[in-house]
Amino acid sequence: MALDTYAVRRNIIAFIILLIAVIFLVKLFMIQVVSSDYTPKATSNVIRRITQYPARGLIYDRDGELLVYNQAAYDIMVNPQHLEAFDTTEFCRILNIERSYLNKKLKEAKAYSRYKPSIFLKLVSSETYARLQEKMYKFPGFFVQPRTVRKYQYADAAHVLGYVGEVSDKLVDTTSYYKSGDYVGISGMEKSYESVLRGKKGVKVYLVDVHNRIKGSYSNGRYDKKAEVGTNLISSLDMDLQRYGEKLMKNKIGSIVAIEPSSGEILSLVSSPGYDPGLLVGRQRTKNYRKLQKDTLEPLFNRGLMARYPPGSTFKVMNALIGRQEGVLYPGTTYECHGGFYAGNFHMGCHNHPSPVDMIESIQVSCNNYYAHVFKRIMQDSDYESISKAFTNWKDHLQNFGLGDKLNIDLPSEVGGFLPSVDYYNRYYGENRWRYLNVVSLAIGQGELGITPVQMANLTSAIANRGHYYTPHIVKRIEGEKQIDERFRTPHHTGVDSAYFEEVIEGMDLAVNGQAGSGSTARTARVDSITVCGKTGTAENPHGKDHSIFIAFAPKDDPQIALAVYIENGGYGATWAAPTAKLMIEKYLKGSIDVQWWEDYVTGANLIKQKEEDEEED
Amino acid sequence: MKRRINVWSNIDWLTVVLYLFLVFLGWINIYSAVYNEEHQSIFDFSQRYGKQMIWIVAAFVIAILITIIDSNFYSFFAYFLHFVILFLLVVVTLFGTEIHGSRAWLEFGNVRFQPAEFAKITTALALARYLSSHNVSMNRLKTYLWLGAIILVPMAIILLQNDAGSALVFVAFVLVLYRQGLPLGVLLFGVYVVALFILALILEKLFVIFGTVALALIVLWVLNKRFRYVWVAAVIMLASGGLFYGAKQLFDLNIPIYFMILGALVFSSIFYIILSYWYKVPRVMILLLLLFGSIGLTYSVDHVFNNFLETHQQKRINQLLGLESDPLGAGYNVNQSKIAIGSGRLTGKGFLNGTQTKFDFVPEQSTDFIFCTIGEEWGFVGSLVLISLFIMLLLRLLFLAERQRSIFSRIYGYGLISVLLFHFAINIGMTIGLVPVIGIPLPFISYGGSSLWAFTIMLFIFLRLDVSRLKVLR
Ligand SMILES: [Zn+2]
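In the order they appear, the protein sequences are chains A and B. So the mapping is simple: the numbering used here equals the position in the first sequence, first residue as 1, plus 139. So the mapping is simple: the numbering used here equals the position in the second sequence, first residue as 1, plus 14.
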């Protein structure tokens, strides 16, 4: 044991002391100098980037009336690690929630993270917040995060204004701007002008302690970014007119689209039934949305932009214009009508009216026979070697009026219409195995035609302008910008000479303002001291009563408004659509209604109930 | 008067300077750890650095007083002081104030006092007094009984106070015993038991059993230098193992593998005992006792671990051994502590610029985890300086202890070194994740009056003894 003397033991102890020091220094060298893992971890420990949400841009109507604004709302947040026992009964009472909700949410929050806050209750009102704030000290672990929610001045125009909701996971993944929990425009103007309205999120960088308490600004705010407030929009909508339209359309299914012809600005876009945009805000949003989604009348379906209807007799003005432009029709061309159009076994009925009629009268009285002949001439025009060519040319004319493809207006969810192609008939009848008689129903706007109300209103606008139109749009001005997008300021020419329009307009004038007994079909659209030009339509509907259609513009010589009215299952165009259009024109141009009886007549009709009753009888 | 001048000129100034350095470093880091914009005055006594300032001034007064007292006082009253402290420990266990789950504090108005801190001093004194007496031999059982009484009684009481950290410090006195001639075998045995405990926690029991058997065979060979004994033993074991396995297969018995191996072991052991008795193989019984003791310990580990340790202690040990990973639970402290130290990099973030310690990410950042502040704000350079200061102090004390002519002084010196080294090793070790989290302060640095005073007293008693080293010949 010579090796184990006291001196050796002293040295061993000295060695142990040094060994411990060396071990410590090696380990410290590893974590402090070699490893670079700890600095970012330390940074993420103390740095909190708090997003600053800018207020969303406001939306005004064309007269400067505020339509959409923001209201403060509060998310109740919970951080499980700071929770302590609290009076759950009182807490539930203040927030008006069930105890089961409380338990469920607390469990979810803990499952998400014990150390990170999560949303406990979304978007409580200022009143609830005020009540909670007084008692907040009793509920450690809970805190409040301010938010804003959209607030709507009126319970109308939901389809135009749209709504805002939480961003979808897909959008979070595909864009760099949005983070989970952000709000984004989901429909209407909120969606199409999202990038303008949303402004720019900012960020504030704070130092926080272990309890997530803010200890101050990081680097004196050097890395902060100020939020930029969203830009305000001035909509082209005339809210008075819009609300009046919605009032008229109550208890009816259908749509009114009104456009200012000289600019293409949409004055009103009614889709009925509509809904209160305020329903899709805040905590009740999901519940209300489901309810609207389940409604069989489809209030979420924007009929003005998405419903395709056959145009019915309103289409006669198109065939008149094309016939004139193609030189197969003259104002003096007359046809006798004896209850309709006969060709061999084929018969297309017509109603009782004075006969014979010339072109202008044919529009005034809406003669089916006349347009069967016009259509026959267009299809058999010797300028074209085959019906295929002639048909394609006819269709090109329609497309020049904005029919068929989408107009590309500045609202989401617009759909294109449907125009049959030569291929369509070739497939159906065999190549070159069809003739005008097979497609003659197109002459009077029946058959394979699908046109949306906005396309119809646009077409009317083109007639009012005597040959050109501007792409319809809902934005009149973006605050801080001189002009709106150029595509809304560029006229589209229809390729039909303006002189021919004058003739057709003459017919439309007579249709409304013709003498009693002259066979005028749209006398229900007359307005005192304003020359309304219009054309009725009645679209056959395989599912029930015909759709009532009317297109009109006014005043005749200086058109201020062009509109299309569709009332599903409303029967003749003159019955419901024409008086509705008349009231809209009067409201817009005069500001008030001369004969209250007409308004009562329209608003008093419950076509939805009547339809249900009809169906029960069947 | 002449004697007092002697004291000041003969005191080991190098140690005093190191002490002052450490206390100063401690204070500025406490200042930094609890610093906030509202309380900037260093004399703000509502803040910890203000209070620590008072403790430090008081500690200096105490140091002077201790240096003035006659050196014979300490050895003379060693037992008496130890009894007083034991009495206080009992009192505090019964009537003390509970803080952080430990009933370890006596409260007099605003002042709190932790007798456990002072028990280290009196234990060192008592130990020195006992081991320096004439008739003590490290080879007698009686000696160990007395030593056990001196060390284990305060340790046990402190354990009852639920202050495992402070209790564990008394293990450090093994180093004193080692210096005084504790046979290496006893020490190795102690190390072996601890190692076995840890291995039994980490490894599958089966491996540990095979390991201990292999170890027993190796020891048999080392002790007897006869390879024949070893392979005979191995053959017997394998044969009985095969026998048991065959029996199990033949009779289709459903016996757990542990019991089978144990059975085979017992069977072969009995056989080997008879054989060794016959052939006069020495030391077999002791070895077998050791083997079965080890196996018994292996099986009891789970029981001890689950029943004698608190849940948080179990978690800390599991965390350290890598058996459990929960960076936000039991591992939170260590994880945050490492982040703080690691983010200091080479030169640190600068005085008062630490974010991890200042914003409470590190727990107990002015007491047990004060090293984090140093690591974060002063970087590796600061760590190096602090560790160097401690090593210089410890080596200096080692040098001083060895130059004592008085056995009492030397043993006391070793007591001081052991306690300081233990605190230093465990405290810094836990902040960098090398040892489990045991809540004991870093001497002279950590915030706290009891701890600072106790270490100051302990150090200056030794310096006082050192001054008188030439006078005494005992
Ligand atoms: Zn007719």
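C-beta atoms are modelled at their ideal positions from N, C-alpha and C, and glycine is treated no differently.
- Residue environment: Ser175 (chain A) is assigned as exposed (fewer than 16 neighbouring CB atoms within 10 Å of its CB, all protein chains considered).
- In this structure, Asp480 (chain B) sits near Leu414 (chain B), with a CB-CB distance shorter than 7 Å.
- Short of 6 Å from the beta carbon of Gly255 (chain B), and not among the five residues preceding or following it, lie these beta carbons of its own chain, in chain order: Ala278.
- Less than 7 Å divides the Cβ of Gln191 (chain A) from the Cβ of Ala366 (chain A).
- Remark: the shortest separation between the CB of Cys506 (chain A) and any heavy atom of ligand 1 falls under 6 Å.
- Among the residues facing chain A, Ile401 (chain B) is included, as its CB has a counterpart in that chain under 7 Å away.
- Closest in alpha carbon position to Phe97 (chain B), among B:Asn86, B:Gln175 and B:Ile164, is B:Ile164.
- For Arg424 (chain B), the enclosing alpha helix (DSSP H) starts and ends at Ile421 to Thr445.
- In this structure, the alpha-carbon of Lys433 (chain A) lies about 18 Å from that of Lys391 (chain A).
- Scanning the region 446 to 517 of chain A from its first residue to its last, the whole beta strand (DSSP E) runs of 3-plus residues come out as 479 to 482 and 485 to 488.
- Here the C-alpha atom of Lys455 (chain A) lies approximately 6 Å from the C-alpha atom of Ile583 (chain A).
- About 17 Å separates the Cβ atoms of Gly673 (chain A) and Ala655 (chain A), ruling out a contact at the 8 Å cut-off.
- The beta carbon of Ala160 (chain A) falls within 7 Å of a beta carbon belonging to chain B, placing the residue at that interface.
- CA-CA distance, Phe273 (chain B) to Phe281 (chain B), rounds to 12 Å.
- Rounded to the nearest angstrom, the gap between the Cα atoms of Trp27 (chain B) and Met406 (chain B) is 13 Å.
- At a cut-off of 6 Å, the beta-carbon of Cys489 (chain A) counts as near ligand 1: some heavy atom of the ligand is closer than that.
- Residue pairing by DSSP puts Ile395 (chain A) in a beta bridge opposite A:Val409 and A:Val704.
- When the beta-carbon positions are compared, Leu360 (chain B) and Gly307 (chain B) stay at least 7 Å from each other.
- Counting the other Cβ atoms within 10 Å of the Cβ of Asp544 (chain A) gives fewer than 16, which makes it exposed.
- Residue range His686 to Ala693 is occupied by the beta strand (DSSP E) that includes Ile690 (chain A).
- At least one C-beta of chain A is nearer than 7 Å to the C-beta of Ile446 (chain B).
- The beta carbon of Val741 (chain A) sits closer than 8 Å to those of Leu387, Trp715, Pro718, Thr719 and Leu722, all from its chain and outside the five residues before and after it, given in chain order.
- Rounded to the nearest whole angstrom, the C-alpha separation of Trp160 (chain B) and Arg143 (chain B) is 12 Å.
- Taking all protein chains shown into account, Gln519 (chain A) has fewer than 16 neighbouring C-beta atoms within 10 Å of its C-beta and is therefore exposed.
- Any Cβ of chain B closer than 7 Å to the Cβ of Ile189 (chain A) would place that residue at the interface, and such an atom is absent.
- Within the model, the alpha-carbon separation for Ile700 (chain A) versus Asn652 (chain A) is close to 17 Å.
- Under a 10 Å Cβ-count criterion, Ser505 (chain A) is classified as buried, with 16 or more other Cβ atoms of the shown protein chains found around its own Cβ.
- Annotation for Cys476 (chain A) indicates a beta carbon within 6 Å of some heavy atom of ligand 1.
- In the structure shown, Asp308 (chain A) adopts helical secondary structure according to DSSP, grouped into three states.
- If you check each beta-carbon in the region 176 to 197 of chain B against every beta-carbon of chain A, the ones closer than 8 Å belong to Leu189, Tyr192, Arg193 and Gly195.
- In the displayed model, His607 (chain A) falls within a strand according to three-state DSSP.
- The three-state reading of DSSP puts His536 (chain A) in helix, counting H, G and I together.
- Beta-bridge pairing by DSSP links Val217 (chain A) to A:Ser257 and A:Phe281.
- Counting only runs of at least 3 residues, the region 64 to 127 of chain B fully encloses the following beta strand (DSSP E) elements, listed from N- to C-terminal order: 111 to 113, 116 to 122 and 125 to 127.
- By the Cβ test, the region 538 to 556 of chain A is not in contact with the region 485 to 492 of chain A, since fewer than three Cβ pairs between them sit closer than 8 Å.
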